[in-house]
Structure formats: C-alpha cells, structure tokens
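A.B. asks:
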Amino acid sequence: MLSALYYIFLVLLCTFFMILSAVALVVCYPFDRGRRVVHELSRILVRIFFAIPPFWRQRVEGLERIDRRQRYVIAVNHNTVIDIPTLYYLPLNFRWVSKREVYKVPFFGQYLFLHGDICINRGRATAAMEQLLREGREWISRGASVA
C-alpha cells in the first residue's frame with residue numbers, strides 16, 4: 005500500500021512540476037533565454053524525489069571540484085536509470101542530448117522540448133553529429149553545459 009501511494013505521489017508531483025515548468029517557461033521565456041528557471045525546477049523536483057523514500061538516500065561526492073564558471077561536456081553511461089536524475093545534483097545549468105524517439109513519449113517529450121534539450125536523429129549519424137556539435141556549441145556559448 006505504501007509503495008502504491010509513493011508512486012501515485014511521484015506521478016502527481018511530476019505532473020505538477022511539468023505544468024509549473026510550462027507556465028514558468030511561458031512567463032520567463034523573454035527574460036530567460038538560457039532556460040535556467042525550468043532547469044532549476046527540475047533540480048528541485050529531483051531533490052524532492054530523492055528525499056521522499058525512507059529506504060535509500062542519494063549521495064553525490066566531489067561537487068566541490070566543479071567550477072560553476074566553466075562549461076562541461078558530460079558523458080553519461082546510462083548503466084541505471086538513476087544516473088539521469090543524479091546529474092541534477094550538479095551545480096550546473098546543462099542541456100541533455102536525447103534521441104528523437106524520446107521526444108515522442110507523451111508529456112516527457114514535451115518537457116524535454118521546454119527544457120531546451122538537444123534532439124538528434126540517430127538514424128542519420130553524420131547529420132546527428134553535425135547537429136550535436138552545432139547545438140552543443142550554441143548552448144555552451146549561452147552558458148550551459150551539455151550532457
């Protein structure tokens with residue numbers, strides 16, 4: 005019963021944050037070209053997500069080594085699902101590189117779009133690499149890292 009309530013709570017929480025992010029994007033878009041507001045809302049959501057379950061805690065080490073003034077290209081190996089939300093512990097504004105298929109997932113795809121992530125078509129490898137380099141450079145020049 006507790007497990008079911010936890011998952012219902014998470015779905016409601018995620019839905020609330022997606023709506024809040026959409027509203028924040030519309031309101032802040034003229035002033036927030038780096039989409040930092042939506043990114044910060046994602047960071048808050050992840051911290052709530054990790055704070056709720058009583059049976060495990062997330063701990064991230066080495067944050068003091070990150071220079072907030074620098075931009076990074078972050079490689080994520082996706083061995084588990086947990087590495088994606090863990091990156092939101094980093095004190096960085098970053099953009100994801102995601103395959104086009106992920107953008108077709110209802111709500112999640114729209115959220116990635118609102119977040120300003122880089123959507124690539126892996127079916128066309130050369131074009132995907134060119135797009136990644138072009139959009140990655142653009143986001144880095146605007147002050148964001150790329151993951």
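Going by the numbering used here, the sequence shown opens with residue 5, and the numbers climb by one from there. For each residue, glycine too, the CB sits at the ideal point set by N, CA and C. The model shown is predicted, which means the values in this text are computed figures rather than measured ones.
Judging by CA-CA distance, which residue of 57, 60, 22, 65 is the nearest neighbour of residue 47?
C.D. replies: Ranking 57, 60, 22, 65 by Cα distance to residue 47 puts 22 first.
A.B. asks: Please name the residue or residues paired with residue 53 in a DSSP beta bridge.
C.D. replies: DSSP, once it has assigned bridges, lists no residue as partnering residue 53.
A.B. asks: Mapping the DSSP letters down to three states, classify residue 80 as helix, strand or coil.
C.D. replies: If DSSP states are grouped into helix, strand and coil, residue 80 belongs with coil.
A.B. asks: Is residue 140 closer than 8 Å to residue 122 when the C-beta atoms are compared?
C.D. replies: Result yes, Cβ atoms of residue 122 and residue 140 sit closer than 8 Å.
A.B. asks: Hey, could you find the ends of the beta strand (DSSP E) residue 144 is sitting in?
C.D. replies: From DSSP, residue 144 is part of no beta strand (DSSP E) but of the alpha helix (DSSP H) over 129-145.
A.B. asks: So does the region 122-135 actually touch the region 80-88, counting three or more Cβ pairs closer than 8 Å?
C.D. replies: Short answer: they don't touch.
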